[in-house]
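Enquirer: Protein chains in written order, with the numbering used here: chain E, 267 to 380; chain V, 25 to 135.
What follows is a structure written as structure tokens; I'll ask about it next.
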């Protein structure tokens with residue numbers, strides 16, 4: 267069964283460093299998403315991406331964050347100058363699109379900023 | 025997107041049916057009801073979704089009331105592995121609209 271895969275599963279970085287989280291969405295899907303979940307809190311929407319551009323972003327997704335789909339298969343989230351409060355689980359999701367289709371999530375990357 | 029209301033937690037005996045309710049009284053005509061679950065800190069797992077009619081798949085059944093203002097997710101024979109946070113989400117995803125997660129219901133299946 268097709269699945270969304272994320273790498274790495276765990277990333278430890280020093281405050282102020284840049285990190286890139288990687289995702290391989292399901293191959294024929296058209297819509298891509300990043301969510302995050304701080305320990306003990308809700309799953310929060312960060313950004314959605316369609317047709318090689320951002321279609322929606324949340325207030326969390328400020329200039330520190332960027333996304334791209336560099337090669338038609340990978341979907342990346344870059345966090346520049348990481349802060350302690352960026353420590354969270356980051357989930358990638360993809361959706362085929364169309365009324366009533368469902369999104370599938372990856373298993374997440376645990377980002378720890380020290 | 026319409027908001028949903030779920031009980032914060034529920035218990036269920038292993039082997040029995042787990043019935044998880046969700047209220048979505050402000051749902052609009054083109055919004056679907058989606059159910060996901062999250063086990064520990066794993067990625068949310070899709071369970072089932074529906075618009076008007078009741079739906080069933082290998083994991084669960086979804087019962088939507090005729091007025092669509094509430095729904096119930098049914099896990100027919102709960103196992104310990106079904107212990108998770110269950111999220112009821114209402115969304116119209118025609119153009120890839122995001123899913124908005126609430127606090128969900130913590131389901132504890134006990135032996």
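Just so it is clear, CB atoms sit at the ideal spot from N, CA and C, and this is done for glycine as well.
(1) List the residues that DSSP assigns as beta-bridge partners of residue 62 of chain V.
(2) Helix, strand or coil: how does DSSP classify residue 352 of chain E here?
(3) Using beta carbons (cut-off 8 Å, strictly below), is residue 379 of chain E in contact with chain V?
(4) List the endpoints of the continuous beta strand (DSSP E) containing residue 83 of chain V.
(5) Measure the alpha-carbon distance for residue 42 of chain V versus residue 102 of chain V and round it to whole angstroms.
(6) Strictly below 8 Å CB to CB, what residues from chain E border residue 126 of chain V?
(7) What are the boundary residues of the beta strand (DSSP E) that residue 35 of chain V is part of?
(8) Note down the Cα distance separating residue 282 of chain E from residue 344 of chain E, rounded to an integer number of angstroms.
(9) Given a cut-off of 8 Å on the beta-carbon distance, is the pair residue 59 of chain V and residue 73 of chain V in contact?
(10) Could you list which residues in chain E have their beta carbon closer than 9 Å to that of residue 65 of chain V, in chain order?
(11) Check whether the Cβ atoms of residue 268 of chain E and residue 341 of chain E sit closer than 8 Å, and answer yes or no.
(12) I need the straight-line Cα distance from residue 46 of chain V to residue 36 of chain V, nearest angstrom please.
(13) Report the neighbours of residue 314 of chain E on chain V: residues whose CB is nearer than 7 Å to its CB, in chain order.
(14) Check whether the segment 26-34 of chain V touches the segment 283-302 of chain E, counting contact only when three or more Cβ pairs, one atom from each stretch, lie closer than 8 Å.
(15) With a threshold of 8 Å between beta-carbons, can residue 368 of chain E be considered close to chain V, or not?
(16) Note down the Cα distance separating residue 61 of chain V from residue 329 of chain E, rounded to an integer number of angstroms.
(17) Mind listing the chain V neighbours of residue 341 of chain E? Cutoff is C-beta to C-beta under 7 Å, in chain order.
(18) Whose C-alpha, out of V/132, V/39, V/96 and V/85, is nearest the C-alpha of residue 109 of chain V?
(19) Closer than 8 Å by C-beta to residue 84 of chain V: which residues in its own chain qualify, once you throw out the five before and the five after it? Chain order, please.
(20) Can you list, in chain order, the residues of its chain whose CB lies under 7 Å from that of residue 294 of chain E, leaving out five sequence neighbours each side?
(21) Taking just the CA atoms, how far does residue 297 of chain E sit from residue 124 of chain V?
Expert: Reading off the structure:
(1) V/109
(2) helix
(3) no
(4) No beta strand (DSSP E) contains residue 83 of chain V, which DSSP labels as neither H nor E.
(5) Between residue 42 of chain V and residue 102 of chain V, the C-alpha separation is close to 6 Å.
(6) 308
(7) 33-37
(8) 13 Å
(9) A contact, by the Cβ cut-off of 8 Å.
(10) 303, 305, 355, 374 and 376
(11) no
(12) 17 Å
(13) 120 and 122
(14) no
(15) yes
(16) Residue 329 of chain E has its alpha-carbon roughly 31 Å from the corresponding atom of residue 61 of chain V.
(17) From the beta-carbon of residue 341 of chain E, no residue of chain V is found nearer than 7 Å; the closest lies around 13 Å away.
(18) Considering only alpha carbons, the answer is V/132.
(19) Taken in chain order, the residues that qualify are 59, 71, 72, 97, 98, 99 and 100.
(20) For residue 294 of chain E, where only same-chain residues beyond five positions count, the Cβ hits under 7 Å are 362.
(21) 16 Å
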